[in-house]
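Residue numbers (the numbering used here), protein chains in the order written: chain A, 485 to 899; chain B, 485 to 899.
For each residue, glycine too, the CB sits at the ideal point set by N, CA and C.
Keep in mind it's a predicted model, so treat the numbers as computed, not measured.
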């Protein structure tokens, strides 16, 4: 069973508004075991809208559309739907009474043009909208030789759409999927190698037709493996993915840092909590990103004591106790200075660990300079340098994640 | 002339990833006067992808697609494109040489499977990808009795897609759109009052049918007024919106901090540059957000000297020279301590200005505690407190923006 999601409106097609409804609806349909294969967005033109609806009714068993149900002249979805399904528009008295009640409750007179919101295609059912004037529309559209297409149209306002989904559409579709299936995705997250290197470390998991299905994507230098299973229950899905997840973990070892919504900073903070240790950060050339990520993680209180972002040689001594002679001898971007920054911030904050990252802000693609990382621990200091040749737009994210990953690996090996 | 945007990938269709590329591309096409009527998203299935491309080639004059150009087994766009246009895949030596160079620059061996990224449909042209292994693909697809469809396929990674758009695709399409109409949006950005308060300060600009059209939205506590005009040229659009923008600026005064993509931190950094002043930041309870924002702004080098994020009473003296007696007397969350933090960070970094924000991390909705801000200047220190009762999810953004706004107002009034 395939589903399609349709977004209607010039503001989406022209890019003035970001369409977040389609993502949200895809997630909800997936949870009901209904696989979404297509999204379509169409501007406010009747003929184009009719073609998009006709195609969706033909190629998908479930269609959920949003937008174009308002009272104004550019709200064309009712007309589009009537033409696409060959029905006329009929006034729905229940819908009209609801709209009148809403205006009365707000103490406003109902503008005449709102009456158009009560016009629904013949043979459709109203989907109540508790907090808005636009009723939704549900229809089973007959298809020759096949089961009808289940069609739902909701307003584009996210808060109304979400409420109507939960109150009406989810229940109706749960029966469709009943005795039916659920789909679950598990995400295994990796850092420290590129997409193709990670794929080459795995057996042939990503081939088409394999069950469970495995996909791989890179998101801001984190590599995400997505394992998808279908089953009667959530538990069954989990069990179906477990051997694949175990294989991935075994092949990738320390490259895997977690599952699901977790990020590197969450792992570092969790490890600090488990080991009852504290950490402070010194950074140069990452715009304070490492401190910001760690302090934003849940559980950071009492574990991440703070951070110092510097952007000038002169400051190294005054805020981080880095001897000027060291900078003069090795230059500011050196393993020695990164080590001294880590030791300095550890001392200043009285933390168990001091994490430092230092990169030259002047990025020269032709001659990428190494970035230096250091971690001061109760046992001493470790430094690491990496020659970076990443995309300039994500270089500082990559550096920040590399620093977090250094702390993660060190902490996970510590007692 | 109509355009269509296609997004490819299960991660988009299933809702795991939010598609921001389609919005961005719609905006850029609109600026070139090319009206986007359709977006389509399709999962990783060859037959479905082929059908989506064939339809787009038929119904749109310009097609821009993103995604599925990676090296892994679920990257099917090359195959889909070859089938949709009836061409075979041919190795492109220039593409292969580029991919090899990229790996060499990073000092990694090139995995064999990356070779597949150099396979392009016959008759297509390569779109260079300066920072990634996936070359883009440009094709003019012949259509019977009509001009060919201009087709561009770019990687799904936003940073690569954006760069390739600017370097190659925009130039190619600028010629296509010539002689047409352009649509321009101007954004006027405000901070310091809510959406309805700002609307009430303006004359009746937001009514439907008014030209130019004015919309109002709140985005993370910044209020944005959007003024839209259409015309033959960019200059004509600008002139059409100018009186409305002037009215808004006059009515809102200092609440307006800028136009377009500008953020509060950009204004602060610009003012520091104009006045040849430097600034350092001390923050508590904002997760280092103020430092991160300021250091990420263009032009921050040499102007924003750095920042110190603290999360513990004990640290105040050691890293910010705040006397323990002051903390004992007034508590850490007090105007006095915020002032001492501002003075302390100004002294430590040797900066002209020290900006401090201090809030209790324990958020209690029933009894919102005030947040304290201070700015140490060459002339003395100013403090401000605000009782915050904002939504917890955006409270720290609101605090960080309030601190930046304090610096903006002070700097704009300074000589």
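(request) Starting from residue 526(B), find everything on chain A with Cβ-Cβ shorter than 9 Å and list it in chain order. (result) 521, 522 and 523
(message) Which same chain residues end up closer than 7 Å to residue 676(A) when comparing Cβ atoms and leaving out the 5 residues on each side of it in sequence?
(response) For residue 676(A), same chain residues with a beta-carbon under 7 Å away, outside a window of 5 residues either side, are 739 and 889 in chain order.
(request) Kindly indicate if chain A contains any beta-carbon less than 7 Å away from that of residue 776(B). (result) Closer than 7 Å: yes.
(request) Answer yes or no: does any C-beta atom of chain A fall closer than 7 Å to that of residue 613(B)? (result) no
(request) Answer with yes or no whether the minimum CB distance from residue 558(A) to chain B is below 7 Å. (result) no
(request) For residue 884(A), name the three-state secondary structure that DSSP assigns. (result) In the three-state DSSP reduction, residue 884(A) falls in the helix class (H, G or I).
(message) For the alpha helix (DSSP H) containing residue 750(B), name the first residue and the last one.
(response) Unbroken alpha helix (DSSP H) run through residue 750(B): 748-759.
(request) Compile a chain-ordered list of the residues in the stretch 744-773 of chain A whose CB is closer than 7 Å to at least one CB of chain B. (result) For the stretch 744-773 of chain A, the set of positions with a beta-carbon nearer than 7 Å to some beta-carbon of chain B reads 771, 772 and 773 in chain order.
(request) Give, in chain order, every unbroken run of the beta strand (DSSP E) that is at least 3 residues long and sits entirely within the stretch 507-595 of chain A. (result) DSSP runs (the beta strand (DSSP E)) wholly in the stretch 507-595 of chain A: 519-526, 546-550 and 573-575.
(message) Going by DSSP, what residue range makes up the beta strand (DSSP E) through residue 789(A)?
(response) Unbroken beta strand (DSSP E) run through residue 789(A): 788-794.
(request) Look at the alpha carbon of residue 805(B) and the alpha carbon of residue 674(B), and state the distance between them as a whole number of angstroms. (result) 35 Å
(request) Whole angstroms is fine: what's the gap from residue 639(A)'s alpha carbon to residue 561(A)'s? (result) 10 Å
(message) Quick test of your reading: residue 838(A) and residue 766(A), contact by CB under 8 Å. State the CB separation rounded to the nearest angstrom.
(response) 7 Å
(message) If you measure between the beta carbons of residue 617(A) and residue 586(A), is that distance less than 7 Å?
(response) Contact flag set, yes.
(request) Note down, one range per segment and in chain order, each beta strand (DSSP E) of at least 3 residues found wholly within the stretch 611-667 of chain B. (result) Qualifying beta strand (DSSP E) stretches, in chain order: 620-627 and 630-638.
(message) Against residue 504(B), what residues of chain A qualify as contacts under a CB-to-CB distance less than 9 Å, listed in chain order?
(response) Counting only Cβ-Cβ distances below 9 Å, residue 504(B) has contacts in chain A at 502, in chain order.
(request) Report yes if the C-beta distance between residue 548(B) and residue 604(B) is below 7 Å; otherwise report no. (result) If you check the CB distance, residue 548(B) and residue 604(B) do not come in under 7 Å.
(message) Please report the straight-line C-alpha distance between residue 498(A) and residue 826(A), rounded to a whole angstrom.
(response) 49 Å
(request) Buried or exposed for residue 717(B), please, with buried defined as at least 16 other CB atoms from any protein chain shown within 10 angstroms of its CB. (result) Answer is exposed; the Cβ neighbour count stays below 16.
(request) May I ask you to list the residues that DSSP assigns as paired with residue 721(A)? (result) For residue 721(A), which the question treats as bridged, DSSP gives no partner whatsoever.
(request) Select from the stretch 532-557 of chain A all residues with a C-beta closer than 7 Å to any C-beta belonging to chain B, and list them in chain order. (result) 532 and 556
(request) Would you kindly work out how many angstroms separate the C-alpha atoms of residue 554(B) and residue 858(A), rounded to a whole number? (result) 33 Å
(request) Check the C-beta distance from residue 448(B) over to residue 521(A) and give it rounded, since I have them as a contact under 8 Å. (result) Because chain B here runs from 485 to 899, residue 448(B) falls outside it and cannot be looked at.
(message) Please tell me whether residue 493(A) has its Cβ less than 7 Å away from any Cβ of chain B.
(response) no
(message) Could you tell me which whole beta strand (DSSP E) segments of length 3 or greater appear in the stretch 669-737 of chain A?
(response) As for any beta strand (DSSP E) of minimum length 3 sitting wholly inside the stretch 669-737 of chain A, the runs are 697-703 and 706-715, ordered along the chain.
(request) Taking residue 568(B) as the reference, give the member of 511(B), 542(B) and 760(B) with the closest Cα. (result) 542(B)
(message) I believe residue 672(B) touches residue 635(B) by the beta-carbon criterion, under 8 Å. Please report the beta-carbon distance rounded to the nearest angstrom.
(response) With 8 Å as the limit, residue 672(B) and residue 635(B) do not qualify as a contact, their Cβ atoms being about 37 Å apart.
(message) Which residues in chain A have a C-beta closer than 7 Å to the C-beta of residue 789(B)? List them in chain order.
(response) 795, 796 and 799
(message) On the criterion of 16 or more Cβ atoms from any shown chain inside 10 Å, does residue 535(A) qualify as buried, or is it exposed?
(response) buried
(request) Return the chain-ordered list of same chain residues with a C-beta closer than 7 Å to the C-beta of residue 727(A), the five sequence neighbours on each side being excluded. (result) Closer than 7 Å at Cβ, skipping near neighbours: no residue.
(request) Could you list which residues in chain A have their beta carbon closer than 9 Å to that of residue 514(B), in chain order? (result) 498, 499 and 500
(message) On the criterion of 16 or more Cβ atoms from any shown chain inside 10 Å, does residue 619(B) qualify as buried, or is it exposed?
(response) buried
(request) Give a single yes or no on whether residue 703(B) has its beta carbon closer than 6 Å to a heavy atom of the ligand MG. (result) The model depicted lacks the ligand MG and carries no ligand whatsoever.
(message) Looking only at its chain, what residues have a beta carbon closer than 6 Å to the beta carbon of residue 735(A), apart from the 5 residues adjacent to it on each side?
(response) 685 and 686
(request) Using a Cβ cut-off of 7 Å (strictly closer), state whether residue 792(B) contacts chain A. (result) yes
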